[in-house]
Amino acid sequence: MTTDVPRDTEPQDAERRRLAEADAGDVAWRRWGPYLSERQWGTVREDYSADGDAWSYFTHDQARSRAYRWGEDGIAGVSDDKQRLCLALALWNGRDPILKERLFGLTNAEGNHGEDVKECYYHLDNTPTHSYMKYLYKYPQGAFPYSDLVDTNRARGRGEPEYELLDTGIFDENRYFDVVVEYAKAGPEDLLVRITAHNRGPDTATLHLLPTLWFRHTWSWAGGTAVPVLRQTPGAILADHEELGTRRLYHDPAAVTCFTGNETNNERIFGSPDTTPYVKDGIDRYVVHGERDAVDPARTGTKAAVHHVLTVPAGDSATIRLRLTDAELADPWGDFTQVLDARRAEADAFYAALTPDGMGEEERRMVRQALAGMLWSKQYYYLDVERWLAEHGVDPLAVDPRVRNSGWYHMVNDAIMSMPDTWEYPWFAAWDLAFHTLALAMVDTHFAKDQLELLLRRLYLHPNGQIPAYEWNFGDVNPPVHAWAVLFVYELDKHRTGRGDRVFLEHAFQKLMKNFSWWLNRKDVDGNNVFQGGFLGLDNIGVFDRSAPLPTGGRLDQADGTAWMALYCQNLLEIAIELAVDNPVYVEQAQMLFEHFAWIAVAMNRMGRDNASLWDEEDGFFYDVLRMPDGRATPLKVRSLVGLIPLAATSVIGGRADRSFPELVRGAREFIERHPAVEAFVEQHVTADPNDDGRYLFALFGEDRLRRILARMLDEDEFLGPYGIRSLSRYHAEHPYTFEVHGERYGVGYLPAESDSGMFGGNSNWRGPVWLPVNVLIIRALLNLHAYHGPEFTVECPTGSGRELNLYEVAREISDRLTATFLPGADGHRPIHGTQAVYAKDPHFRDLVLFYEYVHGDTGAGLGASHQTGWTGLVAATATLFRTIGADDWHRGGRDSLKPEEPRP
């Protein structure tokens, strides 16, 4: 078998060529990838309980014995793009009570801050076609402390830190294996696998490695497929599947192979007779418990493992090889090393070309691991909601609010999707996904566009126009950032290729307008252009649970919900203008969107008969307003991201509108003059005039209010933390906000670490920590404001420091603080790793970077999901941006001008 790249091809071109071939549909380079979840148990998809308790219905303890309905999971796993055939790693150290086939973690009820994976694993490398992938799993040589992790975390309160695997002492004296899994593609259907186990401990140790091949269980459900077959042939396991065809997993002929069925052990799980003697946990029972009859002596089935028993001296390593291919090979190992080395070199060249000059080695490592984590987080997600409801005994057409997602019976999920975290959040979330595409577009614009289009397709988008939120409640409401992501990815693609993908943009616009109408009709209760929306992704940020009925009655007019809609108008307006270049019918759409934005801007400053405002003139900040049943309005004076989202609703539209569509500008001016309320708002708070370069600023405030907002945001005693913009002002540490209702006190105080309540599961906290996605929106707004106002507009940063910066420099300051979270200091410590000193001191941990869901507002320590590269991976984009675009270039050309900046000292 030869490699896919001719010998005269430059390494830096190889991955780009594969991408081009895949994008054109010529070669299916993306068919095989890291599409296994890292947790399928405990998900809504697998929940068939009467009470909707997904965590209890299908547990980790059951997972080794119980066949999944909708997907599969594994360690360092891969599959085809419909997850028909799966390959992953299983291990046993001779001491564990079970075979290690999947990552272990706590359920929401077991963790003192909700669900949490309790393993040490790292996504080290990945290319967009998955031509080269690398994964590290640290496997203890002692018995894995399952019970200790559960019991200790369960006993801790919400005010205490989580008890992690590194805290248990299981890695003392380095008694563990570093198990490195590498994949390399010799062709689109030819996958090489090298697994290397390094004994980091002081003594010789034995490790059982069991690469496992199996079929997803698709045959026993109603309407299922024919039963596929695995069987032993000389030197290979043969896999026959009616859709996938024939595959061979070549292995060391001396290794022992074990076969069983991917079938539920009914006797263990349900206390009923098994339909076959060879069930899902057969290999576990054979290897760990010595049950010789638990595996099929005929060496056939739907699940098989290649059993290697490795005795590894201290400080040494051992390696095994496999090759999964659709071809029959006389010598599967002849070109193995050559191909793997070539793919690794091509991956090195791909990322070297991606990272700009002036970026140091540690920063490059961070960017590469962030993007690798995002690519490892691609998962096959399958859920036919109508079928799922029918299997629950629910008539799909009889919508029952007591049954989860019963109103989404039209929905069929059947695609590779970018997951927030494939263990803690192994399901898509709409606004997470939009943010993911910004970083994914750095390496694979085609996949980024596909992800944005996916939720807008008829099998996902609700017939009423709502975008599905997430698995636990598709009908919940996430912030409407999809249009912003569509515009960003379109413009990045246009810059790279020299032409815009109008088909993508127009298709997205049509569906987004449907969703925009849904927001207008469903989330503006009084029709006064002030929006609600519930928690809007910010979980516990409010005084009350914003998704539940208010204890006061009435409703909450939301500063962030209304600002999100202002941003939505701006993004759609920009898209309409872009499309109008080729089709003037979009000029009318653009005019309508401008008018929507204008009414929203007016409403934020003047609501209802009492002219209440979301802006508080005394504090110089935006707040939610509690509207009582009798109509009284009370601002909830919590200084949080709720009041900074209006800053994010800032866009600049260039001179093209003036030159190409004078009727649009003329119509806008006529609209302003025709409506006194709009005219008064413009005269008092904003400007309708272009700057010297012909750009128009769309914002919810004028220069005076902008300076007041920035004075608070850039105050280190309020929002500006050492590692980015906090979600809640530090002012509330000593001045918590309280509100009393019917004798009960509700409050919000500064909590820079984890949440102290169980609101929204208790596993996230928006009352102090730094969240990357909102920081990115703020950076975007500052860059837009710089493009309009220019370098002469400066503010004090930090507030009170006496240092004046223009808004480009302020944006870069925030970006640098975000980046510093993941970089080692002089002592080798990365703030993201918190108090875990091993990451600074141990050479086998030192270069490993984790990308947590959010970070401590004061220390930068990682919190929440530990592998949520999804949106925390945005740090790769921000770090790269300021090495690519200079301040003057951004002012002169905005997004249209990308010129490398001189390397910074």
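Numbering (the numbering used here), first residue to last: 443 to 1347. Think of the CB as a built atom: it goes at the ideal place given N, C-alpha and C, for glycine as much as any other residue.
If I measure Cβ to Cβ from residue i and keep anything under 7 Å in the same chain, skipping five residues before and after, which residues do I get?
i, result
"ARG997", "VAL967, GLN974, ARG1069"
"ARG1346", "Any reading at ARG1346 is ruled out, since the residue's pLDDT is 35, under 50, leaving its predicted position unreliable."
"PRO1077", "ASP1058, TYR1065, VAL1067"
"LYS524", "TYR822"
"PRO838", "GLU828, LEU831, ALA832, TYR851"
"ALA857", "TYR823, LEU896"
"ARG741", "ARG673, GLN674, THR699, PHE701"
To the nearest angstrom, report how far apart residue i and residue j are at their CA atoms.
i, j, result
"TYR1165", "TRP865", "26 Å"
"HIS1184", "SER1055", "26 Å"
"LEU1152", "VAL1297", "22 Å"
"GLU463", "LYS1283", "44 Å"
"SER498", "GLN504", "10 Å"
"PRO843", "GLU828", "15 Å"
"TRP960", "THR1263", "39 Å"
"GLY599", "ASN554", "6 Å"
"THR485", "PRO922", "25 Å"
"HIS949", "GLU933", "15 Å"
"VAL1094", "LEU817", "32 Å"
"ARG1168", "THR610", "31 Å"
"GLY1085", "ASP768", "56 Å"
"PRO1071", "LEU1083", "26 Å"
"ALA1008", "LEU1014", "10 Å"
"ASN535", "TRP914", "36 Å"
"THR1261", "GLY802", "12 Å"
"VAL447", "ASP1300", "Residue placement at VAL447 is flagged as unreliable, the pLDDT there being 40, under the threshold of 50; a coordinate-derived value is accordingly withheld."
Between which two residues does the beta strand (DSSP E) harbouring residue i extend?
i, result
"MET955", "Here MET955 belongs to no beta strand (DSSP E); instead the alpha helix (DSSP H) covers 944-964."
"SER1351", "The structure shown has nothing for residue 1351, since the chain only spans 443 to 1347."
"ASP682", "678-683"
"GLY1365", "Since the displayed the chain opens at 443 and closes at 1347, residue 1365 lies outside it and no answer follows."
"PRO670", "Where PRO670 is concerned, there is no enclosing beta strand (DSSP E), given that its DSSP letter is neither H nor E."
"ASP856", "854-860"
"ARG690", "687-692"
"GLU1255", "Where GLU1255 is concerned, there is no enclosing beta strand (DSSP E), although the alpha helix (DSSP H) it sits in stretches over 1249-1262."
Roughly how far, in whole angstroms, is the beta-carbon of residue i from the beta-carbon of residue j, given that I think they are within contact range, below 8 Å?
i, j, result
"ASP1349", "ARG506", "Coverage of the chain is limited to positions 443 through 1347, which leaves residue 1349 absent and any answer about it impossible."
"VAL841", "GLY835", "The Cβ separation is near 15 Å, so there is no contact."
"LEU1219", "ASN1207", "The Cβ separation is near 19 Å, so there is no contact."
"ILE1087", "TRP1006", "7 Å"
"PRO868", "GLN482", "7 Å"
"ILE431", "THR718", "The structure shown does not extend to residue 431, since the chain is modelled only from 443 through 1347, so no value can be given for it."
"ALA1229", "ARG1137", "6 Å"
"GLU480", "LEU529", "The Cβ separation is near 14 Å, so there is no contact."
"THR594", "TYR579", "Rounded, the Cβ-Cβ distance is 22 Å, inconsistent with contact."
"GLY475", "HIS572", "4 Å"
"GLU457", "THR569", "5 Å"
"LEU882", "PHE889", "6 Å"
"GLN1000", "ALA1018", "26 Å between Cβ atoms; not a contact."
"LEU1227", "THR1092", "6 Å"
With residue i as the anchor, note down where its alpha helix (DSSP H) starts and where it stops.
i, result
"LYS936", "924-939"
"PRO630", "Premise fails: PRO630 is in no alpha helix (DSSP H) and is neither H nor E."
"SER759", "SER759 -> not in any alpha helix (DSSP H); beta strand (DSSP E) instead, spanning 759-767."
"TYR912", "Where TYR912 is concerned, there is no enclosing alpha helix (DSSP H), given that its DSSP letter is neither H nor E."
With a CB to CB cut of under 6 Å and the five nearest residues on each side skipped, what residues in its chain are close to residue i?
i, result
"VAL1120", "ALA1040, VAL1044, ILE1114"
"LEU652", "ALA532, ALA747, HIS749"
"ARG508", "THR706, ILE711"
"ARG899", "none"
Considering only DSSP beta bridges, list what residue i is partnered with.
i, result
"PRO1077", "VAL1067"
"SER479", "ASP515"
"PHE792", "None, per the DSSP bridge assignment."
"CYS528", "SER521, TRP656"
"GLN1310", "None; GLN1310 has no bridge partner."
"LEU825", "ASN855"
"LEU641", "The sequence as given places Asn at residue 641; Leu does not occur at that position. DSSP lists PHE619 as partners of ASN641."
Leaving out five residues on either side along the sequence, give the residues of the same chain with a beta carbon under 8 Å from the beta carbon of residue i.
i, result
"TYR793", "ARG806, VAL809, ARG810, LEU813"
"LEU1340", "Legend: pLDDT at LEU1340 = 46, less than 50; position of this residue unreliable, value from coordinates given subsequently. Around LEU1340: HIS937, THR1326, ILE1327, ASP1331."
"ALA681", "LEU527, LEU655, PHE657, PRO670, VAL671, LEU672, THR688, ARG689, ARG690, LEU691"
"TYR720", "PHE701, THR702, GLY703, GLU705, ALA736, VAL737, ASP738, GLY743"
"GLY601", "ASP1198"
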